[in-house]
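Worksheet for the structure shown next.
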Ligand code: 0WD
Ligand code: CA
């Protein structure tokens, strides 16, 4: 992994009187009108198979099958003997998205006169999950992040770098925690079928290499965005609206037994669920509430458009407008600082809770993340 690099051009935190070189995450600063966020449009999709191979199609799409009785899903089933876990030490960075971009370049090319015909008509390319972290930063008190940014042919590419703290947490996971991470995937297996008329197969092998990802285009204020996110399944009704409106996000959560638990669920979990699905325009989350033994005891559907009303009774709760305005200002900040158009330059934006976002610049460093195959094909 990258060595701690030299901080090349920026004074350290606190010594910097120039506020244009850091960005605050304080909530009060972002309580203004909701910014323009255009309805996200699906411009394509791709699939990753059981060996993590990329396909420029929707072969891994799954179909939601509503459980017909009160569920009794045992989420622990198969953990020991029918589970193939993706190797998360392999850092894929933006590679799958970049493959998708190369395969679909004609859909994205600029038509204006200012950009040459092979440049993308897009300001930012990233994963949805990275944007989720930006949306929730004003309310995050535990986990910081590092985002690497490269400007290449006018487009800003954003790819996460694992923090030291995240790496430590990952190494020190308890066996209980490892198993609980499986529960979310197991819930998907109980509720999703591989074909439109099929039934779920909870007796099969669960392989977390497999994924179906949507690619959407949208605009936040004056930022044109292209991002991809993993989608769990879709509504199987042939009359369902077009993607992304037919998509369904599946979640598991501990069952809620006390007012305190309900309040925490609203304040923390619904924030993450809202941010993740609002971004790509996925309209609903289907939640399975499980007991301590990993048995799903209740299900509930949360329409994303209703989540912000649900939380209004909570004192001092999160606000969607703060999330979106912070993200918009962050992207403006990135445009302002990441000025050199060069695939081997990385602007590393770092954030820890209760601090400002700061950055450092790295040339030909281990932080570089645009692969040669991408740079070469985009340049030719
Ligand atoms: O290598 C990396 N640093 C990353 C790779 C970081 C983030 C994402 N990815 C890639 C993977 O190819 C993955 O297929 O992105 C895909 C998912 O991206 P996303 O939709 O932007 O990620 P996010 O919104 O954080 O997570 C969506 C789902 C998760 O579902 P829940 O319900 O738990 O939020 O994607 C899964 C997980 O099931 N997931 C991942 N799958 C593979 N690799 C990863 C990951 N790193 N992170 C989340
Ligand atoms: Ca999910």
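Residue numbers (the numbering used here): 519 to 898.
Heads up, the beta-carbon is just placed ideally off N, CA and C, and yes, glycines get one too.
query: Bounding residues of the alpha helix (DSSP H) (the contiguous stretch that carries residue 651); result: 646-654
query: Neighbourhood of ligand 2 [Cβ distance below 7 Å to any heavy atom], ordered by chain position; result: 702, 706, 750, 767, 768 and 769
query: According to DSSP, residues forming a beta bridge with residue 769; result: 805
query: Segments assigned beta strand (DSSP E), at least 3 residues, entirely inside the segment 548-579; result: 559-566
query: Near ligand 1: residue 647 beta-carbon under 6 Å from a heavy atom; result: yes
query: Contact set for residue 697: own chain, Cβ-Cβ below 6 Å, skip 5 residues either direction; result: 597
query: Span of the alpha helix (DSSP H) around residue 694; result: 693-709
query: Cβ contact (3+ pairs, closer than 8 Å) linking the segment 682-695 and the segment 707-724; result: no
query: Whole-number beta carbon distance between residue 846 and residue 553, since they are thought to touch under 8 Å; result: 5 Å
query: Cβ pair count under 8 Å reaching 3, the segment 590-606 against the segment 833-845; result: no
query: Sequence-distant residues of its chain with Cβ nearer than 8 Å to residue 637 (five each side left out); result: 627, 628, 671, 672 and 673
query: At least three beta-carbon pairs within less than 8 Å, the segment 812-831 to the segment 773-791; result: yes
query: Expected contact under 8 Å - CB spacing of residue 572 and residue 614 to nearest Å; result: 6 Å
query: Cross-strand partners of residue 677 (DSSP beta bridge); result: 666
query: Close-in-space but distant-in-sequence residues of the same chain around residue 704 (CB under 6 Å, 5 per side omitted); result: 593
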